[in-house]
Amino acid sequence: MALIDVIAAKKFGHELTKDQLTEFASAAANPKTPDYQLAALLMAIRINGMSAKETAALTLAMAETGDLLNPDVGGIPVDKHSTGGVGDTTTLILAPLVAACGGKVVKMSGRGLGHTGGTLDKLESIKGFQIELSEEDFLRIAREVGCCVVGQTGELAPADKRLYALRDVTSTVDSIPLIASSVMSKKLAGGARGIVLDVKLGTGALMKTKEDSLALARAMCDIGRRAGREMAALLTSMDEPLGSHVGNALEVKEAIDTLAGRVKGPLLEVSLALGAQMLLAGGRAQTEEEAIAMLEKALANGSGLNKFKEMITAQGGDARVCDDTSLLPQSSVKTEIISKQEGYITSMKTEQLGLAAQILGAGRLRTEDVIDYAAGYILRKRIGDFVNKGEVIAVLHHEKSAPYEQSAEMLRDALQLSSEPPQKQALIHAKIARDGKETSWH
Numbered sequence: 245m246a247l248i249d250v251i252a253a254k255k256f257g258h259e260l261t262k263d264q265l266t267e268f269a270s271a272a273a274n275p276k277t278p279d280y281q282l283a284a285l286l287m288a289i290r291i292n293g294m295s296a297k298e299t300a301a302l303t304l305a306m307a308e309t310g311d312l313l314n315p316d317v318g319g320i321p322v323d324k325h326s327t328g329g330v331g332d333t334t335t336l337i338l339a340p341l342v343a344a345c346g347g348k349v350v351k352m353s354g355r356g357l358g359h360t361g362g363t364l365d366k367l368e369s370i371k372g373f374q375i376e377l378s379e380e381d382f383l384r385i386a387r388e389v390g391c392c393v394v395g396q397t398g399e400l401a402p403a404d405k406r407l408y409a410l411r412d413v414t415s416t417v418d419s420i421p422l423i424a425s426s427v428m429s430k431k432l433a434g435g436a437r438g439i440v441l442d443v444k445l446g447t448g449a450l451m452k453t454k455e456d457s458l459a460l461a462r463a464m465c466d467i468g469r470r471a472g473r474e475m476a477a478l479l480t481s482m483d484e485p486l487g488s489h490v491g492n493a494l495e496v497k498e499a500i501d502t503l504a505g506r507v508k509g510p511l512l513e514v515s516l517a518l519g520a521q522m523l524l525a526g527g528r529a530q531t532e533e534e535a536i537a538m539l540e541k542a543l544a545n546g547s548g549l550n551k552f553k554e555m556i557t558a559q560g561g562d563a564r565v566c567d568d569t570s571l572l573p574q575s576s577v578k579t580e581i582i583s584k585q586e587g588y589i590t591s592m593k594t595e596q597l598g599l600a601a602q603i604l605g606a607g608r609l610r611t612e613d614v615i616d617y618a619a620g621y622i623l624r625k626r627i628g629d630f631v632n633k634g635e636v637i638a639v640l641h642h643e644k645s646a647p648y649e650q651s652a653e654m655l656r657d658a659l660q661l662s663s664e665p666p667q668k669q670a671l672i673h674a675k676i677a678r679d680g681k682e683t684s685w686h
């Protein structure tokens with residue numbers, strides 16, 4: 245079968261067969277295939293779309309271009325995937341909490357790019373922490389500790405790695421079938437039997453509307469169920485940073501403070517909601533109420549924080565940071581950002597808030613950029629809070645050479661103020677349960 249025939253079929257809006265999609269995935273994994281042919285098919289898919297059947301077939305074909313793990317971890321392996329945001333440190337909280345409740349978390353994460361932070365960068369801010377492990381060590385730690393977080397190996401879904409890069413430069417990133425197949429091909433290859441999705445929506449999310457976010461969640465859940473996985477999804481707000489700390493080491497500190505019971509709020513609330521779905525998918529709880537109670541107990545008795553220490557130690561890191569967060573990377577300069585006006589914060593340009601941390605050195609414009617693990621900021625205010633003129637709204641953590649004045653102006657501009665308080669917005673907008681039942685909140 246020639247790839248040009250597959251391109252022609254999709255160009256005219258035809259539904260592609262399983263064999264045609266297998267040809268596409270195989271071609272993407274073959275370095276000899278010209279980029280222009282793959283790009284042409286990506287654009288045809290972006291314009292004409294794909295059916296649920298096509299999307300599921302493409303996902304499985306992409307997963308099968310590389311290794312397919314079958315984790316033996318002494319229980320049902322579970323995973324969580326977030327579509328990305330700002331101040332989103334849920335993995336570092338829920339993975340050890342779920343493990344403390346008897347769950348087995350096998351997590352392959354990514355690095356930050358653009359305005360979103362990456363779990364691997366956050367973990368690497370802990371001295372000695374290793375995110376590149378052999379498959380044997382990865383599964384051993386997941387089995388013995390209950391949770392392990394690593395980077396994706398080059399042998400998992402190689403077709404996706406190439407298509408992901410091409411989508412970025414061909415304006416085909418915003419295709420729901422392509423997003424869903426990209427995410428789920430890696431998840432299926434990673435071997436998790438239970439997968440919980442955190443699909444963000446709002447000003448700091450890939451999907452800005454509830455309709456688009458729900459469509460993406462449905463597509464990914466459908467793929468997983470067709471492949472025999474337990475699937476659940478939450479639609480969570482990214483209209484403001486989830487936590488108050490933005491930046492790699494700062495977010496690790498906030499995760500530790502949360503596990504130690506010193507911090508509550510939206511970050512903890514979303515972590516508990518996602519963790520409950522993971523315990524259900526992993527067969528550790530029968531109801532959401534039971535699962536939440538288990539997680540809250542692990543939080544209260546310190547077993548969640550102890551699991552985080554165990555995971556850090558098992559992956560070569562300095563677990564003393566859990567008792568002394570000053571051992572994390574520290575910036576030499578801390579600059580207070582003062583509000584130039586007063587009023588209630590009614591909304592935030594969350595993507596801009598992510599970029600404000602990025603230009604301090606906390607993120608990357610390109611994959612090869614070197615990041616400053618200590619850089620970032622602590623946001624002192626949230627939507628609904630009243631701000632007085634001259635009040636500190638954030639504290640930047642940076643080096644003298646960083647363009648902190650530019651970051652400060654971006655941060656001030658990102659906070660929209662009004663004389664009237666805003667209506668309270670939902671933190672969790674919708675849920676797709678394991679049985680496929682959807683619940684929505686306004």
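In this text, residue positions in the sequence shown follow the working numbering: the first is 245, and each later residue adds one.
The beta carbon of each residue, even a glycine, is placed where N, CA and C say it ideally should be.
Just so we're clear, the structure is a prediction, and the values are computed from it rather than from any experiment.
In angstroms with no decimal places, state the Cα-to-Cα distance between ILE536 and LEU478.
15 Å
Quick check on THR225: does DSSP put it in helix, strand or coil?
Since the first residue of the chain shown is 245 and the last is 686, residue 225 is not available in this structure.
Could you tell me the alpha carbon to alpha carbon distance between THR327 and THR363, rounded to whole angstroms?
12 Å
Assuming THR335 contacts LYS351 under a Cβ cut-off of 8 Å, what Cβ separation, rounded to an integer in Å, is found between them?
6 Å
Measuring straight from C-alpha to C-alpha, what distance separates CYS465 and GLN521?
13 Å
Less than 8 Å between the CB atoms is what I'm expecting for ALA525 and GLY438, so what's the real figure, rounded?
Taking C-beta atoms under 8 Å as the contact rule, ALA525 and GLY438 qualify, at a distance of about 3 Å.
Using 8 Å as the threshold, is the C-beta distance between GLY491 and HIS258 below it?
For GLY491 and HIS258, no; Cβs fall outside 8 Å.
What are the boundary residues of the alpha helix (DSSP H) that includes GLN521?
Start and end: 510-525.
Between ALA344 and GLY505, is the Cβ-Cβ spacing less than 8 Å?
no
For the region 257-272 against the region 395-411, do three or more pairs of beta-carbon atoms, one drawn from each stretch, fall closer than 8 Å, so that the two count as touching?
Between the region 257-272 and the region 395-411 there are three or more C-beta pairs closer than 8 Å, enough to call the two in contact.
Excluding five sequence neighbours on each side, which residues of the same chain lie with their C-beta closer than 6 Å to the C-beta of ILE385?
Annotation for ILE385: CYS392 and ALA558 place their beta carbon closer than 6 Å to its own, counting only its chain and skipping 5 residues before and after.
Going by DSSP, name the residue or residues bridged to SER481.
LEU445
Bridge partners for CYS392 per DSSP, in chain order?
VAL350
Whole angstroms are fine: how far does the CA of LYS497 sit from the CA of LEU604?
18 Å
Proximity of ALA436 and VAL322 at Cβ, strictly below 8 Å
yes
Candidates GLU554, TYR588, TYR280 and SER575: closest to VAL413 by CA position:
TYR280
Considering just the uninterrupted stretch of the alpha helix (DSSP H) at TYR408, what are its terminal residues?
Element bounds for TYR408: 402-413.
Roughly how far, in whole angstroms, is the beta-carbon of SER591 from the beta-carbon of ILE627, given that I think they are within contact range, below 8 Å?
7 Å
Rounded to a whole number of angstroms, what is the C-alpha to C-alpha distance between LYS541 and TYR588?
36 Å
Taking the straight line between their C-alpha atoms, what separation do you get for LYS255 and ILE637?
LYS255 and ILE637 have their C-alpha atoms spaced approximately 51 Å apart.
Go to LEU659, then tell me how far its beta strand (DSSP E) extends in each direction, as first and last residue.
659-662
Where does MET538 land, buried or exposed, given buried means 16+ other C-beta within 10 angstroms?
buried
Alpha-carbon to alpha-carbon, ALA246 and LYS262:
14 Å
Quick check: GLY634 and SER583, are their CB atoms within less than 8 Å of each other?
yes
Below 8 Å between beta carbons: does that hold for ILE676 and ALA461?
yes
Determine the burial state of SER429: buried for a count of at least 16 other Cβ atoms within 10 Å of its Cβ, exposed for fewer.
buried
Ends of the beta strand (DSSP E) at ASP418?
Where ASP418 is concerned, there is no enclosing beta strand (DSSP E), given that its DSSP letter is neither H nor E.
Which one or two residues does DSSP pair with TYR621 in a beta bridge?
Per DSSP, VAL490 and LEU640.
Considering only the beta carbon of each residue, do ALA600 and MET654 sit closer than 8 Å?
yes
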